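Structure, as structure tokens:
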DNA sequence: GTCTATAGCTGGATAGAC
DNA sequence: GTCTATCCAGCTATAGAC
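Chains as they are written, first to last, in the working numbering: chain A, 1 to 213; chain B, 214 to 426.
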């Protein structure tokens, strides 16, 4: 699979853009037909190529799902890492939760592929999965800003927020019955998990530069 | 589809038991192959009949999924409605959550069909869905025993518990990383949502007989 | 790299005898 | 109701010319 690395400049760039075009067509198709409705025939037609040509860029159908997953995970990490308008640790926590919910509810299929994992034989590769882990690390940092470092509380936080989002997309798609509970969830969570010392506007401990990236 | 109702006694009973046998075979197959791996050929072989005979009992493949869903929902409602050893409202709430988690984690495929909804073209019929709604009503009753009647808090409770269970089965199947947080979740939830009046051992208001059934 | 053509398989569902 | 036999549609993936 290794080619001459010297000629790789614009050639690889072209190949990459062709791959990206196929992945984008796959997303368009999936948003119309659902995650399970992705077929190579339809994908090829949508992308303006013939079905076998798809195999010039992807080894299998699952490789396409993996590329889609990777793109979605990158979007996720990028969105969560954008700068926040506030600095207050508590507001940062709430803003992150709101952002996560907005990201999930704005694209149902993307949410399903990233977080529901219900494509029959597919599991994301470690490379595609990495950006999602990076974003989770961001949550850990923000919790630390709030004085919360217990790993158990990180688990509790993720369960709480993903639970809200899951109920939202499953039982009230397009509405706000559960996402409207985010502020209250933050209050409930902090009241229970935040140590008394960190309760007022006491500044948190120093943390590494670029911790949120 | 309507037959002579006078001859329906043992004849319908035989038909019911044959249906049940097929549904049981379907569950056995699904536990081996996954929810998406249910095919009529394999199902027929497992049930000891020929593929077309399946259509003597079910109109389509989705009708089989629906029967499976109905059976699972009935198990769920039955399990949640079994008598509880304690009477303290707070302990009742925690016991219900533990029971729910145990029910979900003890059978992954059943959990996926009931609560994850990721079978491509399938949606449960209202009849099959009804028992699940009954069980949700039970949660509302127990929350009322704890002095919590705000519908928003019922939503928050379901999000919190389903979030814990979802993280558990997705990220630590067979373990207890998230289910171990149930007690703490109950404490957190009640501290935030329970009115101060109901905090001590004050008895809740009277409620209808058989409210939990 | 891209195409046409097609292999090879599996799936749900049906026909018709018994 | 149950069977054998089969239809037909859809899929992924490959072969081989260009």
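Where is the CB? At the ideal position from N, CA and C, for every residue including glycine.
Remember, predicted model here, so these are calculated numbers, not experimental data.
Reduced DSSP category for residue i - H, G, I as helix; E, B as strand; rest coil
i: residue 362 of chain B; result: coil
i: residue 262 of chain B; result: coil
i: residue 320 of chain B; result: coil
i: residue 399 of chain B; result: helix
i: residue 302 of chain B; result: helix
i: residue 55 of chain A; result: coil
i: residue 117 of chain A; result: coil
i: residue 82 of chain A; result: coil
i: residue 34 of chain A; result: coil
i: residue 194 of chain A; result: coil
i: residue 335 of chain B; result: coil
i: residue 344 of chain B; result: helix
i: residue 70 of chain A; result: helix
i: residue 296 of chain A; result: Any answer about residue 296 of chain A is impossible in this case: the structure gives chain A only from 1 up to 213.
i: residue 431 of chain B; result: This structure does not reach residue 431 of chain B, given that chain B is present from 214 up to 426, and the question cannot be answered.
i: residue 1 of chain A; result: Residue confidence for residue 1 of chain A is low, a pLDDT of 39 falling below 50, so the modelled location carries little weight and cannot support an answer.
i: residue 172 of chain A; result: coil
i: residue 254 of chain B; result: helix
i: residue 19 of chain A; result: helix
i: residue 60 of chain A; result: coil
i: residue 212 of chain B; result: Missing from the structure shown is residue 212 of chain B; chain B here goes from 214 to 426 and no further.
i: residue 412 of chain B; result: coil
i: residue 423 of chain B; result: Its pLDDT being 42, under 50, residue 423 of chain B is placed unreliably in this model, and the value from its coordinates should be taken loosely. Residue 423 of chain B: coil per DSSP, three-state reduction.
Rounded distance between the beta-carbons of residue j and residue i, thought under 8 angstroms
i: residue 352 of chain B; j: residue 371 of chain B; result: 7 angstroms
i: residue 62 of chain A; j: residue 115 of chain A; result: The Cβ separation is near 18 angstroms, so there is no contact.
i: residue 167 of chain A; j: residue 318 of chain B; result: Not confirmed; about 19 angstroms, so no contact.
i: residue 156 of chain A; j: residue 397 of chain B; result: 7 angstroms
i: residue 321 of chain B; j: residue 264 of chain B; result: Rounded, the Cβ-Cβ distance is 27 angstroms, inconsistent with contact.
i: residue 159 of chain B; j: residue 239 of chain B; result: In this structure chain B extends from 214 to 426, so residue 159 of chain B is not present and cannot be described.
i: residue 142 of chain A; j: residue 96 of chain A; result: 6 angstroms
i: residue 282 of chain B; j: residue 341 of chain B; result: 5 angstroms
i: residue 28 of chain A; j: residue 41 of chain A; result: About 15 angstroms; that fails the 8 angstroms criterion.
Residue i versus the options, residue with shortest Cα-Cα distance
i: residue 134 of chain A; options: A:57, A:64, A:69, A:76; result: A:76
i: residue 154 of chain A; options: A:199, A:124, A:190, A:170; result: A:190
i: residue 373 of chain B; options: B:326, B:331, B:306; result: B:306
i: residue 273 of chain B; options: B:313, B:286, B:236, B:303; result: B:236
i: residue 132 of chain A; options: A:83, A:49, A:78, A:99; result: A:78
i: residue 358 of chain B; options: B:258, B:410, B:226, B:284; result: B:410
i: residue 80 of chain A; options: A:193, A:99, A:66, A:68; result: A:99
i: residue 330 of chain B; options: B:230, B:278, B:271; result: B:278
i: residue 304 of chain B; options: B:363, B:405, B:395, B:408; result: B:395
i: residue 323 of chain B; options: B:280, B:343, B:390, B:339; result: B:280
i: residue 175 of chain A; options: A:112, A:129, A:102; result: A:102
i: residue 412 of chain B; options: B:271, B:361, B:248, B:349; result: B:361
i: residue 113 of chain A; options: A:127, A:30, A:83, A:192; result: A:30
i: residue 266 of chain B; options: B:297, B:392, B:234, B:224; result: B:234
i: residue 249 of chain B; options: A:9, A:35, A:119, A:11; result: A:119
i: residue 73 of chain A; options: A:130, A:48, A:86; result: A:130
The ligand ADP heavy atom lying under 8 angstroms from the CB of residue i
i: residue 98 of chain A; result: Here there are no bound small molecules, and the ligand ADP is not part of this structure.
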